[in-house]
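Peer 1:
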Amino acid sequence: MGFDLVRVTSAQEFNEDRNVALKRIDDGLMDGLPWFNESRVLRGTSPQELLPGARSIICLALNYLEEGQDFGKSTNPTGKVARYAWGRDYHKLIKKRMRAYVEGLRIKLGNEFAARWYVDDGPMMDRAAASRSGLGWFGKNTNILTPTLGSWVFLGQVVTDLELEPDQPLKKTCGSCVRCIDACPTGAIIAPYVIDNALCISHLTIENRGEIPLALRPQIGDWIFGCDICQDVCPVNHKAPPSPTLWYKDQVRQDQREGMEVPEPHGEQQGFAVEQVSNPANQERITTLDLIDLLEMTEETYRLRFRGTPILRAKRVGLQRNACVALGNKSDTVAVPALRQALVVGEPLVRGHAAWALGRIGGTEVWDALNQAQDNEGDEGVLAEIGQALTGFNLNNR
Ligand code: B12
Ligand code: SF4
Ligand code: SF4
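Numbering-wise (my numbering), the sequence shown opens with residue 13 and increments by one.
(1) Going along the chain, which unbroken runs of the alpha helix (DSSP H) with 4 or more residues stay wholly within the segment 179 to 213?
(2) What's the gap between the Cα of Ile-218 and the Cα of Glu-28?
(3) Can you tell me whether Gln-231 is buried or exposed? The criterion is at least 16 other CB atoms within 10 Å of its CB, across all chains shown.
(4) Write down every uninterrupted run of the beta strand (DSSP E) in the segment 208 to 247 whose length is 3 residues or greater and which is fully enclosed by it, in chain order.
(5) Determine the direct distance from the alpha carbon of Ile-119 to that of Ser-343, and round the result to whole angstroms.
(6) Where Val-131 and Val-337 are concerned, what is the direct C-alpha to C-alpha distance, given to the nearest angstrom?
(7) Do Ser-214 and Arg-19 come within 8 angstroms of each other at the CB atom, strictly closer than that value?
(8) Give the residues whose C-beta lies closer than 6 angstroms to at least one heavy atom of ligand 2, in chain order.
(9) Verify the contact flag: Pro-247, CB atom, against every heavy atom of ligand 3, threshold strictly below 7 angstroms.
(10) What's the gap between the Cα of Ile-207 and the Cα of Arg-229?
(11) Per DSSP, Thr-160 forms a beta bridge with which residues?
(12) Between Pro-197 and Ile-241, is the Cβ-Cβ spacing less than 8 angstroms?
(13) Does the beta-carbon of Val-356 have 16 or more other beta-carbons within 10 angstroms, so that it is buried, or is it exposed?
(14) Use the C-beta contact count for Trp-47: other C-beta atoms within 10 angstroms, 16 or more gives buried, fewer gives exposed.
(15) Report all residues from its chain with a CB closer than 6 angstroms to the CB of Ala-33; omit the five preceding and five following residues, and keep chain order.
(16) Which one of Gly-330, Ser-255, Gln-169 has the shortest CA to CA distance from Glu-79?
(17) Could you tell me how far apart the beta carbons of Leu-382 and Gly-371 are, in whole angstroms, since I believe they sit closer than 8 angstroms?
(18) Please classify Asn-383: does DSSP put it in a helix, a strand, or coil?
(19) If you check the beta carbons only, do Asp-138 and Arg-67 fall under 8 angstroms apart?
(20) Under DSSP, the beta strand (DSSP E) around Phe-166 begins and ends at which residues?
(21) With a Cβ-Cβ cutoff of 8 angstroms, do Leu-161 and Leu-339 count as a contact?
(22) With a threshold of 7 angstroms on Cβ separation, who are the neighbours of Ile-398 within its own chain once the five nearest residues in sequence on each side are excluded?
(23) Is the distance from the Cβ of Leu-324 to the Cβ of Ile-236 below 8 angstroms?
(24) Of the residues Ile-70, Thr-21, Leu-74, Ala-94, which one's Cα is nearest the Cα of Gln-81?
(25) According to DSSP, simplified to helix, strand and coil, what is Ser-51?
(26) Give me, in chain order, the residues of the same chain whose beta-carbon lies closer than 6 angstroms to that of Ala-293; leave out the 5 immediate sequence neighbours on both sides.
(27) Report yes if the C-beta distance between Asn-334 and Gly-44 is below 8 angstroms; otherwise report no.
(28) Would you check if there are 3 or more beta carbon pairs closer than 8 angstroms linking the segment 241 to 250 to the segment 143 to 157?
(29) So, with DSSP's three-state summary, where would you put Gly-91?
(30) Provide the residue(s) that pair with Val-18 in DSSP beta bridges, ordered along the chain.
(31) Consult DSSP for Ala-97 and reduce its assignment to one of helix, strand or coil.
(32) Can you tell me where the beta strand (DSSP E) with Asp-302 in it begins and where it stops?
(33) Less than 8 angstroms between the C-beta atoms of Ser-171 and Leu-63, yes or no?
(34) CB-CB under 6 angstroms to Arg-191, same chain, minus the five flanking residues each way: which ones, in chain order?
(35) Hey, how far is the Cα of Ala-347 from the Cα of Asp-305?
(36) Under 8 angstroms between the Cβ atoms of Met-13 and Tyr-76?
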């Protein structure tokens, strides 16, 4: 079904992972993700809760590594998109494949076994299952490192009442390496195997619906959707081969060519609608984005442009906020007209971050624009941002 790795673990409770996750919530290290709560952890670490009678978990991995970020297309400044989001929304593709996999297995075994499947958005702790099955080991950046494909893999599981022989966890570890910890620009890996969610650029640019803390903005550089730094520096990843198929589009086309049947859900299965994963109008890969285009994007254009991609998750306002931060970090005067426009017509979150970016760029025109905006602005948060930009301006840029 296009998966690259498969291992099996038992359906025993994940007691240790549960305790670690609950402590993380208690310690405030999952702050900013209100949906990652105690009841989710309790459910996700008890396979019997997910599927009464569960005996085994089939752990799957799909390679998403692709080479080459396209910087050349735009003459405007661009921002970087994390690799996992270069193509189609993987949730739909992988769930479709897992469903077909289960159906195929049912036909092969002649057995109506029960199954539920998960990838990312369910309560299952994907990395805990992958680690116990020996699919890979926990890296110090908390990602699962597979021996052959590194961490460039999506993880999914089929929980089933089939009795399957479990595989054993790997004995591998990161050894004395700490490259990811040293390279993380925001210090989000606060200790080996521990991420402070609120510091991680992935969280700040995708899940975060509010402002990006001032002190972290310069560290974000030009990442506008996710972050790959702790994976890019990982020596295990340097040996990983790119996916032989451009899975995000060629596999969709391949499915169509082969007329792959996607059976309707039934019995114990999760009841999700059969998604139309193919969207021929929107099959380009998105590795970087034109920051000025983003700032000027209407809601309608945004939805059309990113339909069927993970980028929709950040919402238009969030992406425009991120574009302002990247433009401020690039400090390119070519962005001044678009940022000035955003300072006036954007949503408050965007207006505030546009003020910050303009403050970083500097120049007389910007000074006047910020002062004018200060006179006309009614939102307190934006006024505070303008005030800070002007203060910094006086000291550094003028
Ligand atoms: C929440 C979440 C996030 C949060 C992370 C917050 C956090 N601390 O987990 C944010 C938004 C920041 C995020 C970012 C990313 N994510 Co994410 N995320 C998730 C999600 C939904 C839940 C993760 C979770 O359970 N966290 C809870 C904490 C407690 O778990 P943990 O960090 O893994 O902690 C374990 C280890 O610390 C271990 N442990 C503790 N002490 C010790 C000691 C030793 C010695 C050892 C060996 C282990 C160990 O035990 C803990 C419990 O299992 C999963 C999908 C899912 N349903 O599982 C995807 C998932 C983890 N994300 C994924 C990806 C791809 C990413 C990004 C790479 C995306 C990007 N490029 O921007 C980044 C990577 C950032 C990073 N370095 O982890 C993939 C990871 C694939 C892989 N190969 O591991 C997943 C599995 C989605 C998927 N199905 O493919 N993510
Ligand atoms: S994804 Fe980026 S910010 Fe998050 S832990 Fe890794 S390097 Fe740090
Ligand atoms: S960079 Fe080093 S410490 Fe970090 S995950 Fe990779 S091997 Fe482990």
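Glycine residues also receive a C-beta, built at the ideal position from the N, C-alpha and C atoms.
Peer 2: Taking the definition as stated:
(1) Listed in chain order, the alpha helix (DSSP H) runs fully inside the segment 179 to 213 are 191 to 195, counting runs of at least 4 residues.
(2) On the sequence shown, position 206 is the one that residue 218 refers to. On the sequence shown, position 16 is the one that residue 28 refers to. Their backbone Cα atoms lie some 28 angstroms apart in a straight line.
(3) Against the sequence shown, residue 231 aligns to sequence position 219. So Gln-231 ends up on the buried side.
(4) With a minimum length of 3 residues, the continuous beta strand (DSSP E) runs that stay inside the segment 208 to 247 are 235 to 237.
(5) Sequence index remark: in the sequence shown, residue 343 carries index 331 (1-based). Sequence index remark: in the sequence shown, residue 119 carries index 107 (1-based). Their backbone Cα atoms lie some 59 angstroms apart in a straight line.
(6) In the sequence shown, the residue the question calls residue 131 occupies position 119. In the sequence shown, the residue the question calls residue 337 occupies position 325. Using only the alpha carbons, I get a separation of about 31 angstroms.
(7) Here residue 19 refers to the residue found at position 7 of the sequence shown. Here residue 214 refers to the residue found at position 202 of the sequence shown. Cβ distance not < 8 angstroms, so Arg-19 and Ser-214 don't count as in contact.
(8) Asn-153, Cys-196, Thr-198, Ala-200, Ile-201, Ile-207, Cys-212, Ile-213, Ser-214, Cys-239, Ile-241, Cys-242
(9) Along the sequence shown, read from residue 1 onward, the residue named residue 247 stands at position 235. Under cutoff, so the answer is yes.
(10) To locate residue 207, count along the sequence shown from 1; it is residue 195. To locate residue 229, count along the sequence shown from 1; it is residue 217. So the two alpha carbons sit approximately 18 angstroms from each other.
(11) Stepping through the sequence shown from its first residue, residue 160 is reached at position 148. Thr-160 is not bridged to any residue.
(12) In the sequence shown, the residue the question calls residue 197 occupies position 185. In the sequence shown, the residue the question calls residue 241 occupies position 229. Contact flag set, yes.
(13) The residue labelled residue 356 in the question sits at position 344 within the sequence shown. Under this definition Val-356 is an exposed residue.
(14) On the sequence shown, residue 47 is found 35 positions in, with the first residue counted as 1. Exposed, because fewer than 16 other Cβ atoms sit within 10 Å of the Cβ of Trp-47.
(15) One-based indexing of the sequence shown puts residue 33 at position 21. Result list for Ala-33: Val-53, in chain order.
(16) Here residue 79 is taken as the residue at index 67 of the sequence shown, counted from 1. Comparing Cα-Cα distances from Glu-79 to each of Gly-330, Ser-255, Gln-169, the minimum goes to Ser-255.
(17) Walking along the sequence shown from the start, residue 382 turns up at place 370. Walking along the sequence shown from the start, residue 371 turns up at place 359. That belief holds up - the Cβ atoms of Leu-382 and Gly-371 are roughly 7 angstroms apart, short of 8 angstroms.
(18) Taking the first residue of the sequence shown as 1, we reach residue 383 at position 371. Helix.
(19) Your numbering for residue 138 matches position 126 in the sequence shown. Your numbering for residue 67 matches position 55 in the sequence shown. No; because the gap between Cβ atoms is not below 8 angstroms, this pair is not in contact.
(20) Translated into positions along the sequence shown, residue 166 becomes position 154. Counting along the chain, the beta strand (DSSP E) containing Phe-166 begins and ends at 165 to 172.
(21) Locating residue 161 in the sequence shown gives position 149, counting from the first residue. Locating residue 339 in the sequence shown gives position 327, counting from the first residue. Leu-339 sits away from Leu-161, with the two beta carbons spaced by 8 angstroms or more.
(22) Taking the sequence shown and counting its residues from 1, one reaches residue 398 at position 386. Excluding residues within five positions, the ones whose Cβ falls inside 7 angstroms are Ala-367, Leu-382, Ala-385, Gln-386, Glu-389.
(23) Your numbering for residue 324 matches position 312 in the sequence shown. Your numbering for residue 236 matches position 224 in the sequence shown. With respect to Ile-236, Leu-324 sits apart: the two C-beta atoms are not nearer than 8 angstroms.
(24) Taking the first residue of the sequence shown as 1, we reach residue 81 at position 69. Looking at the Cα atoms, Ala-94 is the closest of the given residues.
(25) Counting from one through the sequence shown, the residue named residue 51 turns up at place 39. Ser-51: helix per DSSP, three-state reduction.
(26) By 1-based counting over the sequence shown, the position of residue 293 is 281. Unreliable placement is indicated for Ala-293, whose pLDDT of 40 sits below 50; no coordinate value is reported for it.
(27) Translated into the one-based positions of the sequence shown, residue 334 becomes position 322. Translated into the one-based positions of the sequence shown, residue 44 becomes position 32. Not closer than 8 angstroms, so no.
(28) yes
(29) Locating residue 91 in the sequence shown gives position 79, where the first residue counts as 1. Note: Gly-91 maps to strand in three-state DSSP.
(30) Here residue 18 corresponds to residue number 6 of the sequence shown, with the count starting at 1. Val-18 pairs with Leu-72.
(31) Along the sequence shown, read from residue 1 onward, the residue named residue 97 stands at position 85. Correct three-state label for Ala-97: helix.
(32) Position 290 of the sequence shown, counted from the start, is the residue given in the question as residue 302. Where Asp-302 is concerned, the enclosing beta strand (DSSP E) stretches over 300 to 302.
(33) Reading the sequence shown from its first residue, position 159 is the one you call residue 171. Reading the sequence shown from its first residue, position 51 is the one you call residue 63. The sequence as given places Val at residue 171; Ser does not occur at that position. Going by C-beta atoms, Val-171 is nearer than 8 angstroms to Leu-63.
(34) On the sequence shown, position 179 is the one that residue 191 refers to. Closer than 6 angstroms at Cβ, skipping near neighbours: Val-245.
(35) Here residue 347 is taken as the residue at index 335 of the sequence shown, counted from 1. Here residue 305 is taken as the residue at index 293 of the sequence shown, counted from 1. Taking the straight line from one Cα to the other gives about 10 angstroms.
(36) Taking the sequence shown and counting its residues from 1, the one referred to as residue 13 is at position 1. Taking the sequence shown and counting its residues from 1, the one referred to as residue 76 is at position 64. Not closer than 8 angstroms, so no.
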